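In what follows, a structure is listed as structure tokens, so that the remarks can point back to it.
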Amino acid sequence: MLSEPRAMAKHIEPGMRMALPVDYAGVSMAMTRPIIEHGAGNLHLVCVPTGGLQVDQLVGAGLVRTVETSAVSLGEAGGAPRFNAAVKEGAVRLKDATCPAIYAGLMAAQKGSPFMPLRGLIGTDLLRHRDDWRVVDNPLADGGDPIVLIPAIELDVAIFHVPMADRFGNVWIGRRRELAAMAYASRIVLVTVERIVEENLLADEMSAAGVLPALYVTEVARAPKGAWPYGLWGEYPADSAEIARYAKAARTADGFSAYMAQALMESAS
Amino acid sequence: MTEVLPREVLICTIARLLDGVRHVAVGASSPIPAAGAMLLRALKETGGVIGPRISILGSVEHNFFTNGSAELFDCAGQGRIDAFFLGGGQIDGFGNVNLVGAGSYPRSSVRWPGSFGSAYLYFVVPRVILFREEHTPRVFVEKVDFISAPGVSEDGIYRRGGPVALLTSKGLFRFDKSRPGFELESVHPGHDLADIKQATGFRFAHDAEPRQTALPDRSTLDLLRGRVFGELAETYPEFAAQMRQDLAAVDA
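Protein chains in written order, with this note's numbering: chain A, 1 to 269; chain E, 270 to 521.
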């Protein structure tokens, strides 16, 4: 179960539905390059519930067919340049959502239910463009009361980064429960960690409450500073200068390629 | 009379708009709404009453959720969040908000990040304050190109929340859902009705001579410049530093 990032990337096959977490929850940036080198394309990304740098780089590398998300941006550094360019060119298929709809879809998958109802959405252009979402009248009301049904989002693979795992494959996610939501809905779960600890994380009730058990985890790899240039809760802050440097470089396709090639040389040295 | 910075007028106006809320949520990278909420909390606590609870998304210090980022939406769905802020690449005269992009969809000529939680929160949070500093006809349009979240809903649609006000760098509007539409409530110092009409792409109701936005009194200003900018610096260090720099420039 203990692996390394390049070996983990081999689980990814063309066309897979891949979940990636929001900026601050624990993005496995350490997996981005191995995924790109592995080269399985035509991916359907599910951003939980929004995407950033990792999504932009996978889109820039040409591996993405569909982006299902509530938003994609680089936060303070502005819009996501390769994603925005791909949208303009029509190079990616969009499934625009809203944050709680992504969670509703994951929750349905977690329960093995076909859908989850969600308030809101009626009258939006999001709903108008989502032919997989359905509006039904609330069957428990006396009539009327339309509500939207969000189908289960079943995932092939979920990838994220957290502070620690133990030798048994239990992964500590703290209070970032969206990582558990992704894992419950996914067949394959690949996790990078800052460190592997000796003790069993389930042995202590204090840490056990924040553990995603090995039951849901396919493989774990050690990757110190594995969220960089994003930060990791309780560990280190985001490197906003580096994110801004990427934002500037990736304004053009050539600038993006140069940035990624340079980062490759740095990681090899 | 002490000089009051334009952004201080915005912060104090937000504090007034939030009066009475128990729990306000603020999106990431929204220092002015956060400062308004913190000012209200400071004013309440100075007066000896409990101030509002403030959740700032993406912040570690101002996050008391333990169930991941889904908890905010569940909390709002349960009616536990009274106020929220929404911006928008485009906002129209019916209170519709577009966070997706300009032009046709899906191949937007300009793509913005996306709808985030707006398509849900606009329906369930009772007091949504639309806040956008840039007041130009490209933002305030007659009709949005894409509805991320609609200003009003038809009868029979579940709707407990929606817009109550629109605050910009030029003025404050109230939203009247019965029309539906905006009414200019007040104009910030340095602006006038003609200026606002020219900068707004939708029609709005107004008095012949709209009043000026109320300015903070001395004690409110002292609280803002002391305690609140101190608290703000924990989450938005660059913004707090900029405000202090601007104040120093005015004093000099």
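Here a beta-carbon is modelled for each residue, glycine too, at the ideal position from N, C-alpha and C. Here the structure is a predicted model, which means the values were calculated and not measured.
| What are the uninterrupted segments assigned as alpha helix (DSSP H) that are 4 or more residues long and contained completely in the segment 1-29 of chain A, given in chain order? | 5-9, 23-26
| task | Evaluate R82 (chain A) with the Cβ neighbour count: other Cβ atoms within 10 Å of its Cβ, from every protein chain shown; 16 or more gives buried, anything less gives exposed. | result | buried
| What beta strand (DSSP E) runs, 3 residues minimum, are completely inside the segment 133-204 of chain A? | 134-137, 146-151, 155-166, 186-197
| Interface residues of the segment 354-377 of chain E facing chain A [CB-CB below 8 Å] | L368, V369, G370, Y374, P375, R376, S377
| From which residue to which residue does the alpha helix (DSSP H) around H309 (chain A) run? | Summary: the structure shown does not reach residue 309 (chain A), with chain A confined to residues 1 through 269, and so no result is reported for it.
| query | So, are the CB atoms of P321 (chain E) and L309 (chain E) less than 8 Å apart? | reply | yes
| task | To the nearest angstrom, report how far apart S269 (chain A) and M18 (chain A) are at their CA atoms. | result | For S269 (chain A), the predicted structure reports a pLDDT of 44, less than 50, and the residue's modelled location is therefore unreliable. A value from the coordinates is still provided. Near 30 Å, if we compare the C-alpha coordinates of M18 (chain A) and S269 (chain A).
| said: With distance defined between alpha-carbon atoms, name the residue in A:T69, A:V157, A:G234, A:L140 nearest to W381 (chain E). | reply: A:T69
| request: List the residues of chain B that P382 (chain E) touches, going by C-beta distances under 8 Å, in chain order. | output: Here chain B cannot be found, since the structure's protein chains are A and E.
| query | Given that P506 (chain E) touches chain A, what residues does it touch there, using C-beta distances under 9 Å? | reply | Simply none; closest approach about 11 Å.
| field | Local Cβ density within 10 Å of S417 (chain E), reported as buried at 16 or more and exposed below that | value | buried
| query | Where do the ends of the beta strand (DSSP E) carrying I398 (chain E) lie? | reply | 396-400
| Mind checking if P417 (chain E) is an interface residue toward chain A, Cβ cutoff 8 Å exclusive? | It is worth fixing the name first, because residue 417 (chain E) is Ser in this sequence and not Pro. Interface residue, yes.
| Helix, strand or coil: how does DSSP classify V369 (chain E) here? | coil
| task | Could you check what DSSP says for S70 (chain A) in three-state terms: helix, strand or coil? | result | coil
| query | chain E beta carbons: is any one of them nearer than 8 Å to that of T98 (chain A)? | reply | yes
| request: Please report the Cβ distance between I20 (chain A) and G51 (chain A), rounded to the nearest whole angstrom; I am assuming they are in contact, meaning their Cβ atoms lie under 8 Å. | output: Looking at the sequence itself, residue 20 (chain A) is Leu, so the reference to Ile does not match. About 6 Å; that satisfies the 8 Å criterion.
| query | Which of helix, strand or coil does DSSP assign to S324 (chain E)? | reply | strand
| field | G26 (chain A) to F444 (chain E) span [Cα, whole Å] | value | 39 Å
| field | Between the CA atoms of E178 (chain A) and L212 (chain A) - distance to the nearest angstrom | value | 11 Å
| task | Starting from the C-beta of E340 (chain E), find all residues in its chain whose C-beta is less than 6 Å away, skip the five residues before and the five after it, and write them out in chain order. | result | F334
| said: Once the 5 residues before and after Y505 (chain E) are set aside, which same chain residues still bring their CB inside 6 Å of it? | reply: P300
| message | Alpha carbons only, please: which of A:P139, A:A185, A:T98 is nearest the one belonging to A109 (chain A)? | response | A:A185
| request: May I ask you to list, following chain order, the residues of the segment 118-137 of chain A that have a beta carbon less than 9 Å from some beta carbon of chain E? | output: L118, R119, G120, L121, I122, G123, T124, D125, L126, L127, R128, H129
| task | Output the distance between the C-alpha atoms of V433 (chain E) and R285 (chain E), rounded to the nearest integer angstrom. | result | 13 Å
| From the beta carbon of A141 (chain A), is the nearest beta carbon of chain E less than 8 Å away? | no
| field | Spatial distance of T271 (chain E) from T282 (chain E) (CA atoms) | value | 17 Å
| message | Based on DSSP bridge pairs, tell me the residues matched to G51 (chain A). | response | A:V72
| task | Hey, could you find the ends of the beta strand (DSSP E) K95 (chain A) is sitting in? | result | 93-96
| First and last residue of the uninterrupted beta strand (DSSP E) at F442 (chain E) | 440-445
| Using a Cβ-Cβ distance under 8 Å, would G90 (chain A) count as near chain E? | yes
| task | Could you tell me if Q467 (chain E) is buried or exposed, where buried requires 16 or more neighbouring beta carbons within 10 angstroms of its beta carbon? | result | exposed
| query | Taking all protein chains shown into account, do 16 or more other C-beta atoms lie within 10 angstroms of the C-beta of G316 (chain E), making it buried, or fewer, making it exposed? | reply | exposed
| request: Return the chain-ordered list of same chain residues with a C-beta closer than 8 Å to the C-beta of I150 (chain A), the five sequence neighbours on each side being excluded. | output: A101, A104, G105, A108, F115, M116, P117, L118, W133
| field | Nonlocal neighbours in the same chain, by C-beta distance under 8 Å from V87 (chain A), ignoring five residues either side | value | L94
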